[in-house]
Amino acid sequence: MMIKGFLWAAAVSAMPLVEMSPRQLHMMEQNKPLTIRKNPSLAPRANRIIPVVVGGPQDTFVPNMIRAAVGDVIQFQFSNGNHTVTQSSEDSPCQPLQATQSGAIHSGHIPFVDGQTTIGTFNVPLTSTDPLFFYCATGPHCQLGQVMAINPPSEANLVEFNKKANGALANIDAGDATGGTVGEIPLAEAAFTPAPPEDGAPPAPPAESPPAPPADTPPVVETPPAAPPAAEAPTEVPAAPPAEAVSMGEHY
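Structural data, given as structure tokens:
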């Protein structure tokens, strides 16, 4: 009986861990108030690579809340647009921690252009389980909700961090890339499908219908020029020749 139990436990531990694909999470993303999207809870294992999609049509992080262990590597994969992964303090979103703390995490701006066959990545190995808070330093992305957290105390911390970001007066960029490694992977290995390219040209006008054939009309017959007027007859009618006189003779 103990042997059977041991074999069953071994079989269970050898089964692959199932989790929702980041591609599926990214396709579910919608432009709404902050929605917490956590990476699946998995049994601890060494050096997991946890993908996070950065950007895309909605300018978000997917997932935007990560539970990770020491030794895991967070692989930020940059989708459509131009984005950063920039660390800030929990109390000061949209301001780089790099300004006061050497080695704070910042990816620099990593764009994705339609037609690329590779995507930019930024790998961040975790050396502790302390909470980490991030934002995108491009344009107003931080104030619009492109924020995330790794190992926050609770979901409420991320919600509050997002509220503070919404009210930030400025979105401040950082300096050189630090705290991780910039790289690239083939697009086919990405955890997302890029949004279709935008066609800036206006739609072509509908083709004009060929003109309708003219209705049947009788052939045009040119009227011949009027004949010159006939010579006017003389006004004087010639006198008729005198009739021959008939001899009446006498009757007896």
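Numbering (mature numbering (1 follows the signal peptide of the UniProt record, and there is no 0)), first residue to last: -20 to -1, 1 to 232.
Ideal placement from N, C-alpha and C gives every residue a C-beta, glycine not left out.
Values in this document were obtained by computation on a predicted structure and should not be read as measured data.
Beta-carbon spacing of residue i, residue j below 9 angstroms
i: residue 86; j: residue 63; result: no
i: residue 126; j: residue 146; result: no
i: residue 16; j: residue 32; result: no
i: residue 41; j: residue 102; result: no
i: residue 160; j: residue 105; result: yes
i: residue 114; j: residue 38; result: no
i: residue 130; j: residue 46; result: yes
i: residue 175; j: residue 44; result: no
i: residue 152; j: residue 84; result: no
i: residue 14; j: residue 139; result: yes
i: residue 95; j: residue 177; result: yes
i: residue 82; j: residue 158; result: yes
i: residue 34; j: residue 108; result: no
i: residue 132; j: residue 70; result: yes
i: residue 142; j: residue 111; result: no
Strand pairing of residue i, partner residues [DSSP]
i: residue 112; result: 130
i: residue 55; result: 31 and 103
i: residue 67; result: 114
i: residue 46; result: 130
i: residue 158; result: 86
i: residue 61; result: 92
First and last residue of the uninterrupted beta strand (DSSP E) at residue i
i: residue 139; result: Looking at the DSSP string, residue 139 is not in any beta strand (DSSP E); the run it does join, the alpha helix (DSSP H), is 135 to 146.
i: residue 99; result: 98 to 105
i: residue 82; result: First-last for residue 82: undefined, no H or E at that position.
i: residue 163; result: 161 to 166
i: residue 42; result: 40 to 42
i: residue 92; result: 90 to 92
Chain C contact for residue i (CB, 9 angstroms cutoff)
i: residue 141; result: Judged by its chain identifiers, the structure shown contains no chain C, having just a single protein chain.
Next item on the list: For the region 71 to 86 and the region 139 to 157, state whether three or more C-beta atom pairs, one from each stretch, are separated by less than 8 angstroms.
Entry: Yes, since at least three Cβ pairs between the region 71 to 86 and the region 139 to 157 fall closer than 8 angstroms, the two stretches touch.
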